[in-house]
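Asker: Whatever position you read off the sequence shown (first residue = 1), add 167 for the working numbering.
Sharing a structure with you now.
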Amino acid sequence: MAKTTKIIRRSIYIFLQNYQHFTTTVAVLAIPFAASILLSQALVPSSSSLLPLIHNRLKTLFQAAGFPPSSEFFSILSLKLSQTISSSIFTLPFSLTFLLLAKASIIQVLRQHKPTFPPSFSSLFSAFSPLFHTYICNSFLILSANATVFSLLLIAFNFLEGSGFSSPNCILFLSAAGAVLYSIVLANALIISNLALIISGMESCGGYLAILKACVLIRGRTSVALSLALPANLVLAGIEALFQYRIVRAYRLGGVASHSMAFEGMFIAYLYSISVVLDTVISCMFYKSCKIGSWIEQEDRISYYSHQTDTAGDDKQGRQQGRIGCFCHHYQQLAQCLILDFYPDFYRKEKKQGLPMIRT
């Protein structure tokens with residue numbers, strides 16, 4: 168929890184340090200995406216024929232697969248999935264353009280020790296291309312995660328029915344377990360996808376390579392990622408609820424859209440875009456924290472192996488120790504550069520207190 172608080176505090180400090188750029192250029196870039204998200208929550212359920220079509224197809228698919236039609240879990244799940252799919256289709260053009268451009272602009276600012284404002288168009292395009300490929304691959308990752316959970320639930324329900332345990336209590340218990348499993352798998356898939364987007368911008372690698380790097384980098388840090396994602400998603404959900412209450416509800420009661428309602432809707436969309444920007448900054452700080460932790464873990468493993476070879480004493484192991492020592496010294500230099508680049512205040516504090524630092 169302390170590490171989560173430290174990352175959030177550092178992210179807010181970075182956000183306020185670059186406040187003018189983040190709240191003008193980047194926030195304006197994210198406003199079309201924010202408006203599409205807010206409008207999709209109101210337009211898709213009421214006026215679109217896409218939602219009932221997807222809902223009926225999902226219900227038919229679940230029934231054909233053998234899921235119990237009496238389970239409320241699958242009824243709610245099919246409705247929520249159809250709403251998510253419809254909203255994603257509605258917002259997809261804005262996600263692939265304005266959202267990725269805003270993220271690329273933030274990443275270009277935070278990947279440099281002394282950023283230039285605004286980032287050049289060439290650097291923005293070079294960061295946008297891997298983000299685009301990674302976003303497409305993330306869609307397949309989330310689709311695969313959903314398919315995997317549904318396959319496991321199908322096997323479990325068929326096994327339960329074949330064993331004769333098809334009572335309502337057994338179905339209810341398995342549905343509750345399936346809801347927990349689905350939430351865990353989907354949450355992990357989403358945080359890996361989010362981290363993969365940051366990696367693709369920071370390291371200029373797109374597609375499945377960024378996803379693999381995210382899976383390796385997030386090992387042992389899943390709880391921190393979830394604790395960072397929870398408040399950000401709560402803020403976004405609160406802004407969506409505010410839009411539903413202030414704009415959608417007022418329009419349905421009055422039937423007329425006034426100028427004040429339009430300005431208030433634009434202000435709520437701006438708040439949503441600011442929240443998206445801050446969430447991206449937090450993700451970048453989490454990436455840097457994971458990177459520094461990964462360097463420190465590698466250094467500890469190399470130092471341990473170097474200590475083991477030091478106790479052997481023969482010539483061959485002595486030569487290996489020399490090579491490992493050079494390799495360890497190289498990683499120490501890189502780790503110090505990362506710490507000095509990402510956390511200069513921390514470096515000065517440790518040096519002032521006289522604590523041992525990495526020697527170069």
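In this text, a Cβ means the ideal position worked out from N, Cα and C, and glycines have one as well.
Here the structure is a predicted model, which is why all the values come from computation and not from measurement.
Quick check on SER440: does DSSP put it in helix, strand or coil?
Answerer: Helix.
Asker: Pick out whichever of ARG278, LEU225, ILE441 and ILE385 has its Cα sitting closest to the Cα of TYR186.
Answerer: The shortest Cα separation from TYR186 among ARG278, LEU225, ILE441 and ILE385 belongs to ILE441.
Asker: According to DSSP, is ILE181 helix, strand or coil?
Answerer: In this structure, ILE181 counts as helix in the three-state DSSP scheme.
Asker: Rounded to a whole number of angstroms, what is the C-alpha to C-alpha distance between SER350 and ALA312?
Answerer: In a straight line, the C-alpha of SER350 is about 11 Å away from that of ALA312.
Asker: Kindly indicate which three-state DSSP category GLN234 falls into: helix, strand or coil?
Answerer: Reading off the sequence, residue 234 comes out as Phe, not Gln. PHE234 falls in the coil class under three-state DSSP.
Asker: Whose C-alpha, out of LEU401, PHE234, HIS188 and HIS426, is nearest the C-alpha of PHE317?
Answerer: The shortest C-alpha separation from PHE317 is found at PHE234.
Asker: By DSSP, does GLN187 sit in helix, in strand, or in coil?
Answerer: In this structure, GLN187 counts as helix in the three-state DSSP scheme.
Asker: Would SER203 pass as an interface residue toward chain D - the criterion being a Cβ-Cβ separation below 8 Å?
Answerer: Included in the structure is just one protein chain, with no chain D present.
Asker: Which ranges would you report for the alpha helix (DSSP H) in the stretch 263-302 if only whole runs of at least 4 residues count?
Answerer: The stretch 263-302 contains these whole alpha helix (DSSP H) runs: 267-277.
Asker: Under 8 Å Cβ to Cβ from VAL448, same chain only, skipping five residues before and after it: list those, please.
Answerer: The answer, listed in chain order, is SER178, ILE181, PHE182, PHE189, ILE273 and LEU277.
Asker: Mind pulling the beta strand (DSSP E) runs of 3 or more residues that sit fully within the stretch 296-359?
Answerer: With a minimum length of 3 residues, no continuous beta strand (DSSP E) run stays inside the stretch 296-359.
Asker: Measuring CA to CA, which of LYS270, GLU239, ARG224 and ILE303 is closest to LEU259?
Answerer: Ranking LYS270, GLU239, ARG224 and ILE303 by Cα distance to LEU259 puts ILE303 first.
Asker: Go ahead and pull the three-state DSSP assignment for VAL402.
Answerer: VAL402: helix per DSSP, three-state reduction.
Asker: For the candidate residues VAL347, TYR437, SER360 and SER216, whose alpha-carbon lies nearest to that of THR191?
Answerer: Comparing Cα-Cα distances from THR191 to each of VAL347, TYR437, SER360 and SER216, the minimum goes to TYR437.
Asker: Tell whether a beta-carbon distance below 8 Å holds between LEU364 and LEU384.
Answerer: It is not a contact, given that the beta carbons lie outside the stated cut-off.
Asker: Excluding the 5 residues preceding and the 5 following PHE240 in the sequence, name in chain order all residues of the same chain whose CB lies nearer than 8 Å to its CB.
Answerer: Excluding sequence neighbours, PHE240 sits near SER342, ALA343, GLY345 and ALA346.
Asker: If you draw a straight line from the alpha carbon of TYR454 to that of ILE366, how long is it in whole angstroms?
Answerer: When rounded, the distance between both Cα atoms is 8 Å.
Asker: Taking 7 Å as the cut-off, is the CB of LEU308 close to at least one heavy atom of the ligand FMN?
Answerer: In the structure shown, the ligand FMN is absent, as is every other ligand, since no ligand is present at all.
Asker: Alpha carbon to alpha carbon, how far is LEU327 from LEU445? Give it in angstroms, no decimals.
Answerer: Rounded to whole angstroms, LEU445 to LEU327 spans 46 Å at the Cα level.
Asker: Pairs of beta-carbons, one from the stretch 394-411 and one from the stretch 366-381, closer than 8 Å: are there three or more?
Answerer: Touching, no.
Asker: Would you give the residue range spanned by the alpha helix (DSSP H) that GLU239 belongs to?
Answerer: From DSSP, the alpha helix (DSSP H) with GLU239 extends over 239-261.
Asker: Do you know how far the Cα of PHE229 is from the Cα of PHE265?
Answerer: C-alpha separation (whole angstroms): 35 Å.
Asker: Which of the three DSSP states, helix, strand or coil, is assigned to ILE175?
Answerer: Helix at ILE175.
Asker: So the candidates are SER371, GLN411 and MET428; which of them puts its Cα closest to the Cα of LEU210?
Answerer: Among SER371, GLN411 and MET428, the Cα nearest to that of LEU210 is on GLN411.
Asker: With DSSP collapsed to three states, give me the class of GLU370.
Answerer: GLU370 falls in the coil class under three-state DSSP.
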